[in-house]
Amino acid sequence: MLKRFLIFLTLVSIVCGAFYLSSPKKPVERAEPVWPVLNKDQVDRLDVCSLGEDCFSLVRRTDGWGVAQHGWNGTVEADLTKVNSLLDVLAQDKALRFMGRVSEPVPAEYGFESPRLRIAAGGGQELAISVGSENPSGEGFYALNSKEEGSLFLLGEKMVSRCEFPAEYYYNLHLISGNPDEVVAISLGHGGSFSWTLVRKDGPFMFSFPAPLGGKQASGSEVDLFLHSLLEVPAKGLVSSIPNKENRILLNIEISLSGKKVETLEIFEPGDGEKFYFARSSSQSGYLVLSKEHYEQLDKKAFAMQQRNVVSIATGKLGTVRVVQGNQTFTGIKSDKSWINFEDKKPLLGIDMSLWRLNELKFEAEPKASLSETSEKVMDLELMDESGKRVVKVSFYSDPELPDGQCWLSLGDGSGYYPVSDKLLEDLQGQIPLRK
């Protein structure tokens, strides 16, 4: 019985095998090709060509990325944000759809004989992309890649436009690389030795040079504006060479960053007929192109960098304002956080604004030890605290020898006479109800 059963199994196996071998084989269905993406951390180089002419390379360096191109001796410092934007497109964006298979040679209608754009990625991951002509509907552009050879894709217009910027687009146009918070010293000269130096330790920037200003505090707002123009405002452009390399240096700037890193900038005198200034930076290859306005924002003398406020008072703690003009005296007192006339108790408007302007008042030139014979006292302004103790006494003097719109201000403490704007004096004369 067992023998018959084994013979039966053998016959069944033979029949099934014969049926299988005689059946037609079904083809294994393959999914549609997918547009490949890059692992941007593995890419060390991107070669880009637009219309076969504007060709350049983005090259990864230990300190970031550089732009390599014909006509430049070295690589240009690249804008990392813009390079990362291109890498993000190649790593994340997808084709609109797969169009089908094409054979070599690819039909001319797809525009690959003269590609609109070619990108080749190298390093740990390699990929070549070629973008041809726009499809008839205007929906996108035909594209091929080296991972799916013979597969035609359609890329969206937005994706393509984000990949076809010229080399200049990727230039880092900042004058000097650095963060304002990391700057610990600033020095500026006019084509030679430094005219002034500011240093910062734990607090604000202080003058260390020239000697007469040593230890004095610099203006925080002026330093902030200077560093903004130096580190954050980009140049107009970048060129590999300048017309006249013999042009003299107008301005030289040096900054020290935390970590003992030093960066320098030299700005050259423009040649005849040139509307821009050229600058050479330790952070960049070639020459940066600066507008006249940008240059003027950097051309600061020591005087402009000083803390030039004459008075600093806590206006909220004042209780009395006394004004003396000629033989007249006026007194204002604070009552319930507002100012009133001491005599008739009528409200006084604008006193707080005038006190704020007093704090903001800056001297327009170096103070003098004495006044000329042409000066004449106009007003005394005395400020007292809530207990009646004097906080400060300010005297204003007119002088026809001063520039229009200025007057002298004295604190009566031997610090000298400061030339200041006469706007505050005019405001006080208009606010205080003195007898005519």
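Residue numbers (my numbering): 703 to 1138. Idealized CB from N, CA, C, for every residue including glycine.
{"Query": "Just how far apart, CA to CA, sit Ser839 and Pro936?", "Result": "40 Å"}
{"Query": "With respect to the alpha helix (DSSP H) encompassing Gly922, which residues constitute its N-terminal and C-terminal limits?", "Result": "Gly922 to Leu933"}
{"Query": "According to DSSP, is Lys994 helix, strand or coil?", "Result": "helix"}
{"Query": "Return the chain-ordered list of same chain residues with a C-beta closer than 7 Å to the C-beta of Leu929, the five sequence neighbours on each side being excluded.", "Result": "Pro882 and Val885"}
{"Query": "For the alpha helix (DSSP H) that Gln1008 lies in, which residues bound it at each end?", "Result": "Unbroken run through Gln1008: none, as it is neither H nor E."}
{"Query": "How about Ala845 and Gly858: are their beta carbons less than 8 Å apart?", "Result": "no"}
{"Query": "Return the residue from the list Ile1035, Val736, Asp1082 and Gly1118 that minimises the CA-CA distance to Ala1071.", "Result": "Gly1118"}
{"Query": "On a Cα-Cα basis, can you pick out the residue from Ser1100, Lys1064, Phe814 and Gly894 that is closest to Glu1075?", "Result": "Ser1100"}
{"Query": "Considering only residues of the same chain and omitting the five flanking positions on each side of Val1013, which have a CB-CB separation below 8 Å?", "Result": "Leu1060, Asn1061, Leu1063, Val1094, Val1096 and Leu1113"}
{"Query": "Considering only residues of the same chain and omitting the five flanking positions on each side of Glu1078, which have a CB-CB separation below 7 Å?", "Result": "Tyr1099 and Ser1100"}
{"Query": "Taking the alpha-carbon positions, what's the Gln1131 to Trp1058 distance?", "Result": "16 Å"}
{"Query": "Work out the CA separation of Ile1053 and Lys1019 for me, nearest whole Å.", "Result": "14 Å"}
{"Query": "Please state the DSSP three-state secondary structure of Gly1132.", "Result": "helix"}
{"Query": "Which same chain residues end up closer than 6 Å to Lys727 when comparing Cβ atoms and leaving out the 5 residues on each side of it in sequence?", "Result": "With a pLDDT of only 47 at Lys727, under the threshold of 50, the placement of this residue in the model should not be trusted; the figure read from the coordinates follows. So the list is empty, once near-sequence residues are dropped."}
{"Query": "Leu740 and Leu792 - do their beta-carbons sit closer together than 8 Å?", "Result": "yes"}
{"Query": "My output table needs one value for Pro685: the three-state DSSP class, helix, strand or coil.", "Result": "Because the chain spans 703 through 1138 in this model, residue 685 falls outside it and cannot be assessed."}
{"Query": "Spatial neighbours of Tyr722 within its chain, please: C-beta separation below 6 Å, excluding the five flanking residues on both sides.", "Result": "Low confidence applies here, because Tyr722 scores a pLDDT of 47, under 50, leaving its location unreliable and the question unanswered by this model."}
{"Query": "Provide the residue span of the beta strand (DSSP E) that contains Thr1033, from first to last.", "Result": "Gln1030 to Ser1037"}
{"Query": "Given this structure, state the Cα-to-Cα distance separating Ser960 from Tyr1120, to the nearest angstrom.", "Result": "37 Å"}
{"Query": "Check the DSSP bridge columns for Tyr1099 and list the partner residues they point to.", "Result": "Lys1079 and Trp1110"}
{"Query": "Bridge partners of Tyr1170, per DSSP?", "Result": "There is no way to answer for residue 1170, as the model of the chain reaches only from 703 to 1138."}
{"Query": "Taking a contact to mean a Cβ-Cβ separation below 8 Å, would you say Val808 touches Phe814 in this structure?", "Result": "yes"}
{"Query": "Within the continuous beta strand (DSSP E) that includes Glu956, where are the two ends?", "Result": "Ile951 to Leu959"}
{"Query": "CA-CA distance, Gln1009 and Lys1002?", "Result": "14 Å"}
{"Query": "Since Pro912 and Gly922 should fall inside the 8 Å C-beta cutoff, what is the C-beta to C-beta distance between them, to a whole number of angstroms?", "Result": "The pair is not a contact, with the Cβ atoms about 20 Å apart (cut-off 8 Å)."}
{"Query": "What are the complete beta strand (DSSP E) segments, minimum 3 residues, inside the region 763–819?", "Result": "766–771 and 799–803"}
{"Query": "Check each candidate in Leu953, Thr1022 and Ala1004 and name the one with the smallest Cα separation from His996.", "Result": "Leu953"}
{"Query": "Helix or strand or just coil, what does DSSP make of Gly754?", "Result": "coil"}
{"Query": "What's the call for Arg763, buried or exposed, on a 16-neighbour Cβ count within 10 Å?", "Result": "exposed"}
{"Query": "Return yes when the Cβ of Leu877 is within less than 8 Å of the Cβ of Leu1185, no when it is not.", "Result": "The displayed coordinates of the chain run from 703 to 1138. Any statement about residue 1185 would go beyond what the structure contains."}
{"Query": "Please go through the same chain and pick out, in chain order, the residues whose beta-carbon is closer than 8 Å to the beta-carbon of Glu1068, but skip the five residues on each side of it.", "Result": "Phe1005"}
{"Query": "Between Arg1024 and Glu1084, what straight-line distance do the alpha-carbon atoms span, to the nearest angstrom?", "Result": "5 Å"}
{"Query": "Which residues mark the beginning and the end of the beta strand (DSSP E) in which Glu968 is found?", "Result": "Lys963 to Phe970"}
{"Query": "Can you give the Cα-Cα distance for Glu841 and Ser958, rounded to whole angstroms?", "Result": "52 Å"}
{"Query": "Using only alpha-carbon positions, find the residue among Ser853, Asn775 and Ala823 that is nearest to Ser805.", "Result": "Ser853"}
{"Query": "Distance check for Lys1125 and Leu1051, CA to CA, integer angstroms please.", "Result": "17 Å"}
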